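Just add 2 to the spot in the sequence shown (first one is 1) and you have this note's numbering.
This report concerns only the one structure given below.
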Amino acid sequence: MIGFMNLCPHCGAGSSFVPEEMECDKALVLWCQHCGNFINQTLTLETIRRWWLRFDEGEESIRPPISKESYDELHRIEERLNETDGSILERIELHLKDFTDYHYTERMNDDESQIKG
3 MIGFMNLCPH
13 CGAGSSFVPE
23 EMECDKALVL
33 WCQHCGNFIN
43 QTLTLETIRR
53 WWLRFDEGEE
63 SIRPPISKES
73 YDELHRIEER
83 LNETDGSILE
93 RIELHLKDFT
103 DYHYTERMND
113 DESQIKG
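The structure is reproduced here in structure tokens:
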């Protein structure tokens, strides 16, 4: 995919995101400065697991992007993949990426091109 995300898929505001490295698995997540919702770059299953723990304990107000049932199924799939003999990979780890409602263009908008140029 070539391009730049110019708009938050949640609130539609111009892109202004704060990157954060998740403490549990070093996955990179972007948080919209306008609406406070996340724009995931890549989420591992460990990120989702810990997110659900924080949400259930009331430490997190934003609901994880997948249900607990979906997390459980993906975790079982990951375990089955790693039980298979003969893989060239030592350990398979599933990462999630949601491309729904992302708005990309092939060119940066004028403000961004002036900053880089």
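The beta carbon of each residue, even a glycine, is placed where N, CA and C say it ideally should be.
Model, not experiment: these values are computed from the prediction.
Exposed or buried, which one is Ile50 when buried takes at least 16 other CB atoms within 10 Å?
-> Taking the sequence shown and counting its residues from 1, one reaches residue 50 at position 48. When all chains shown are included, Ile50 counts as buried.
Could you tell me whether any non-hydrogen atom of the ligand SAH is closer than 7 Å to the CB of Leu96?
-> Ligands are entirely absent from the displayed structure, and the ligand SAH is therefore not among its contents.
Should Cys37 be labelled buried (16 or more other beta-carbon atoms within 10 Å of its own) or exposed?
-> Against the sequence shown, residue 37 aligns to sequence position 35. Burial call: exposed.
Beta carbon of Leu30 nearer than 8 Å to that of Ser17 = By one-based count along the sequence shown, residue 30 stands at place 28. By one-based count along the sequence shown, residue 17 stands at place 15. No. Outside cutoff.
Should Cys34 go down as buried or exposed, given a rule of 16 or more other Cβ atoms within 10 Å for buried?
-> Here residue 34 is taken as the residue at index 32 of the sequence shown, counted from 1. Classification for Cys34: buried.
Which word fits Leu45, buried or exposed, when buried means at least 16 other C-beta atoms lie within 10 angstroms of its C-beta?
-> Numbered from its first residue, the sequence shown carries residue 45 at position 43. Burial of Leu45 is indicated by the presence of at least 16 other C-beta atoms within 10 angstroms of its C-beta.
DSSP on Ile79, reduced to helix/strand/coil?
-> Looking up residue 79 in the sequence shown gives position 77. The answer is helix: DSSP assigns Ile79 an H, G or I state.
Report yes if the CB atom of Leu83 is closer than 8 Å to the CB atom of Ile90, and no otherwise.
-> In the sequence shown, the residue the question calls residue 83 occupies position 81. In the sequence shown, the residue the question calls residue 90 occupies position 88. Not closer than 8 Å, so no.
Go ahead and pull the three-state DSSP assignment for Glu85.
-> Taking the sequence shown and counting its residues from 1, the one referred to as residue 85 is at position 83. For Glu85, the secondary structure class from DSSP, reduced to helix, strand or coil, is helix.
Nearest to Pro66 by CA position, among Cys13, Thr86 and Asn39, is which residue?
-> As a first step, residue 66 is located in the sequence shown; it is residue number 64 there, counting from the start. Closest by alpha carbon: Asn39.
Note down the Cα distance separating Leu76 from Arg56, rounded to an integer number of angstroms.
-> Against the sequence shown, residue 76 aligns to sequence position 74. Against the sequence shown, residue 56 aligns to sequence position 54. Each residue's alpha carbon lies about 19 Å from the other.
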